[in-house]
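Colleague: One structure follows; several queries about it will come next.
Number of protein chains: 2
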Amino acid sequence: MTDFTEADKLYMKEAIKEAENAAEVGEVPIGAVVVCEGKIIGRGSNRKNMGKSALKHAEIIAIEDASSVIGDWRLDECSLYVTLEPCLMCSGAIIHARVRNVIFGTTEPKFGGVVSLAKTFDIERLNHKVNYKGGLYAEEIASMMKSFFKKLRKP
Amino acid sequence: MTDFTEADKLYMKEAIKEAENAAEVGEVPIGAVVVCEGKIIGRGSNRKNMGKSALKHAEIIAIEDASSVIGDWRLDECSLYVTLEPCLMCSGAIIHARVRNVIFGTTEPKFGGVVSLAKTFDIERLNHKVNYKGGLYAEEIASMMKSFFKKLRKP
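Protein chains in written order, with our numbering: chain A, 2 to 156; chain B, 2 to 156.
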């Protein structure tokens with residue numbers, strides 16, 4: 002059983018808010034926040050369709066937001082909270098941005114790059130070590146996603 | 002020995018031009034182009050430092066450029082030419098964007114996501130199949146990068 006702090010819960014709720022923002026505009030509900038020294042410095046909400054780009058994942062948007070706020074691409078002391086397990090691309094982006102901790106909600110069996118399809122953060126040869134834990138509000142998040150896809154299928 | 006067509010050589014030269022553009026502004030010389038139906042529809046030149054973002058890799062910029070030109074995130078019929086083996090993040094981005102073929106120059110032993118650190122495109126469970134070949138103008142590209150780093154070290 003993974004231990005989550007009260008702060009973890011608080012920040013994941015903010016990531017869930019970002020996921021809800023995505024759903025409101027018809028995007029798959031995935032949200033992320035970047036936290037540094039107890040402050041949210043980046044927010045991201047999935048914009049894959051609206052952005053007409055396969056790369057507009059919540060994590061990417063949140064990392065770019067945080068980088069532009071602090072004026073540096075290094076997010077060494079930051080934690081990323083994201084509702085869904087980051088994909089391969091986002092896992093790579095997290096390593097590049099040197100994010101210290103990743104806390105995710107539900108696993109992504111098809112394309113997850115942390116524990117599912119690949120275990121990117123566990124590659125031993127990597128210089129940068131990312132700590133991660135998953136499963137926070139996993140059921141609530143899975144149910145939010147299910148209900149989004151259910152509505153989508155209705156005419 | 003990998004076979005390269007005349008078209009491959011032509012497009013890789015364009016990617017090399019993009020790499021040279023990066024070097025001119027003090028960025029590590031990495032360049033990429035996206036080709037669709039015999040036409041270059043996206044170009045990217047490494048902008049990691051200027052963009053103050055760890056995510057501004059040549060491939061990402063070229064993919065976003067191509068997506069915005071065709072108004073779609075799906076690049077099913079496109080090929081990406083890039084001077085350096087794509088990293089984990091870019092390999093993930095290439096899969097997301099459904100790029101069909103990747104042709105790269107030099108391998109990237111430390112972080113390459115195609116043949117070096119990971120073999121992302123070979124993961125069997127992936128729905129989207131990316132064809133790839135590497136080694137085109139590998140020596141010329143390696144020497145261009147070496148000379149960039151050599152100049153950088155000089156006071």
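We put the beta carbon where it would ideally sit given N, CA and C, even for glycine. From a predicted model like this one, the values you see are computed outputs, not experimental measurements.
For B:G43, which of B:A67, B:R154, B:G32, B:L76 has the nearest alpha-carbon?
Modeller: When each option's Cα is compared against that of B:G43, the closest is B:A67.
Colleague: Along the chain, where does the alpha helix (DSSP H) containing B:F150 start, and where does it finish?
Modeller: Residues 139-154.
Colleague: Taking beta-carbon pairs under 9 Å, can you tell me which members of the region 117-129 of chain B lie near chain A?
Modeller: Answer in chain order: L118, A119, T121, I124, R126, L127, N128.
Colleague: For the region 49-66 of chain A, list every residue whose C-beta sits within 9 Å of some C-beta in chain B, in sequence order.
Modeller: The residues in question are K49, N50, G52, K53, S54, A55, L56, K57, H58, I61, I64, E65.
Colleague: Give a yes or no on contact between the region 29-49 of chain A and the region 3-20 of chain B, applying the rule of three or more CB pairs nearer than 8 Å.
Modeller: No contact exists between the region 29-49 of chain A and the region 3-20 of chain B.
Colleague: Could you give the distance in angstroms between the alpha-carbon of A:V114 and the alpha-carbon of A:D9?
Modeller: Correcting the residue identity first, residue 114 of chain A is Gly in this sequence and not Val. Their backbone Cα atoms lie some 21 Å apart in a straight line.
Colleague: Could you name the residues of chain B that A:D73 contacts, counting a contact when the two beta carbons are closer than 7 Å?
Modeller: Within 7 Å Cβ-Cβ: K53.
Colleague: Got a sec: which bits of the region 82-102 of chain A sit with their beta carbon under 8 Å from any beta carbon on chain B, in order along the chain?
Modeller: Against chain B - using a Cβ distance shorter than 8 Å - the residues of the region 82-102 of chain A are C88, L89, M90, C91, S92, G93, A94, I96, H97, A98, R99.
Colleague: Please check the pair A:E60 and A:A33, which I expect to be a contact at CB under 8 Å, by giving their CB distance rounded to whole angstroms.
Modeller: Going by Cβ atoms, the distance from A:E60 to A:A33 rounds to 5 Å, so yes, they are a contact pair.
Colleague: How far does the alpha helix (DSSP H) with B:S68 in it extend, from its first residue to its last?
Modeller: Start and end: 59-71.
Colleague: Is A:S80 helix, strand or coil by DSSP?
Modeller: The answer is strand: DSSP assigns A:S80 an E or B state.
Colleague: Could you tell me which of A:A23, A:K57, A:I64, A:S144 sits nearest to A:C79, measuring between CA atoms?
Modeller: Looking at the Cα atoms, A:I64 is the closest of the given residues.
Colleague: Going by DSSP in three states, A:A119 sits in which element: helix, strand or coil?
Modeller: A:A119: coil per DSSP, three-state reduction.
Colleague: Between the Cα of B:G106 and those of B:R75, B:K151, B:E141, B:E25, spot the shortest distance and give me the residue it belongs to.
Modeller: Nearest option by C-alpha distance: B:E141.
Colleague: Any Cβ of chain E within less than 8 Å of the Cβ of A:S69?
Modeller: The displayed structure is made up of protein chains A and B, and chain E is not among them.
Colleague: Considering only their Cβ atoms, is the gap separating A:R99 from A:R75 smaller than 8 Å?
Modeller: Yes, the Cβ-Cβ distance between A:R75 and A:R99 is below 8 Å.
Colleague: Which same chain residues, not among the five before or five after B:T121, have their C-beta less than 6 Å away from its C-beta?
Modeller: For B:T121, where only same-chain residues beyond five positions count, the Cβ hits under 6 Å are S92, G114.
Colleague: Hey, could you find the ends of the alpha helix (DSSP H) A:C91 is sitting in?
Modeller: From DSSP, the alpha helix (DSSP H) with A:C91 extends over 89-97.
Colleague: Hey, would you say B:N47 sits closer than 8 Å to B:I71, going by beta carbons?
Modeller: Against a cut-off of 8 Å, the Cβ pair of B:I71 and B:N47 comes out as no contact.
Colleague: Which residues of chain B have a Cβ atom closer than 9 Å to the Cβ of A:G114, listed in chain order?
Modeller: The contacting residues are L89, G93.
Colleague: Tell me which residue opens and which closes the alpha helix (DSSP H) that A:I17 is part of.
Modeller: Start and end: 7-25.
Colleague: Tell me the DSSP bridge mates of B:T107?
Modeller: DSSP, once it has assigned bridges, lists B:L85 as partnering B:T107.
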